[in-house]
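Only one structure is covered here, and it is reproduced in the block below.
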Ligand SMILES: NC(=O)c1ccc[n+]([C@@H]2O[C@H](COP(=O)([O-])OP(=O)(O)OC[C@H]3O[C@@H](n4cnc5c(N)ncnc54)[C@H](OP(=O)(O)O)[C@@H]3O)[C@@H](O)[C@H]2O)c1
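In structure tokens, the structure reads:
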């Protein structure tokens with residue numbers, strides 16, 4: 048059976064940890080060539096050294112528009128094309144809105160919304176010229192439900208859901224798919240969960256969290272559907288999480 052992901056060039060933002068790093072491992076197993084982008088270069092270099100396929104490590108701060116453009120340009124220069132933009136980098140600020148620092152909230156909107164739009168804006172002309180491409184965004188269940196514990200985070204992910212669902216129609220005729228993957232809680236650094244035993248307990252045991260590998264496999268599934276199929280929004284929740 049042919050593997051539709053083999054040889055695809057994928058840019059992953061937020062590749063230094065969590066979902067992005069797990070997606071890098073999974074997509075490399077399927078034969079993708081990867082640009083790993085984030086600020087933590089050491090972590091990405093360590094990850095790149097264990098991947099079975101070619102990868103390019105790019106330091107890119109999602110709050111710096113020139114870094115985003117440079118990330119895409121370096122990918123094009125190195126690999127000659129961009130098949131997938133996995134706009135995954137994001138931060139999570141929750142709790143009492145008024146207790147949050149408004150500058151931190153503003154940075155979150157820049158990373159979770161503005162940078163995702165910049166990533167899409169930078170690759171669409173390339174994908175149009177190629178006649179195909181996929182833009183996959185890591186959203187959240189907070190982009191589907193109105194979760195009162197994180198008003199600004201939920202607003203950022205609702206914004207991105209609207210962006211995905213509407214952009215999709217503007218670029219579909221060019222062979223570009225726009226996809227949103229919306230997990231609920233994932234046991235990783237974002238929740239300060241790094242101990243493997245604790246991760247196993249809250250995911251496999253309690254079923255209150257997903258594992259990063261669950262989300263990475265869902266990303267690979269969405270990207271490997273035949274070109275005629277767009278999984279526009281995929282929501283995934285730990286089976287016993289009360290959301
Ligand atoms: N974990 C969850 O429960 C959960 C649930 C639903 C959705 N999500 C979404 O999943 C995505 C990935 O998060 P995660 O769970 O994998 O958390 P994570 O382990 O904390 O990873 C976040 C990633 O984003 C990168 N990042 C943060 N700020 C950045 C910036 N200014 N510029 C460039 N990269 C930046 C980080 O890299 P550097 O620090 O090295 O730059 C890191 O690679 C986010 O969009 C998040 O909203 C997570």
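Residue numbers (the numbering used here): 48 to 290. Think of the CB as a built atom: it goes at the ideal place given N, C-alpha and C, for glycine as much as any other residue.
- Ligand 1 never approaches residue 226 closely enough for any of its heavy atoms to be under 7 Å from the residue's Cβ.
- Within 10 angstroms of the beta-carbon of residue 232 lie 16 or more other beta-carbons, which makes it buried.
- Pairing residue 279 with residue 226 gives a Cβ-Cβ distance under 8 Å.
- The alpha carbon of residue 133 has as its nearest neighbour, out of 246, 86 and 183, the alpha carbon of 183.
- Excluding the 5 residues flanking it on each side, residue 204 has same chain C-beta neighbours closer than 6 Å at 186, 187, 189 and 190, in chain order.
- Here the region 263-275 makes contact with the region 69-76; the two share three or more CB pairs at distances below 8 Å.
- The C-beta distance from residue 207 to residue 160 rounds to 6 Å, short enough to fall under 8 Å.
- In the same chain as residue 230, and ignoring 5 residues on each side of it, the C-beta atoms closer than 6 Å to its own belong to 257, 262 and 283, in chain order.
- Out of 290, 220 and 137, the CA that lies nearest to the CA of residue 200 is found in 137.
- By the neighbour-count criterion, in which 16 or more other beta carbons inside 10 Å mark a residue as buried, residue 251 falls on the exposed side.
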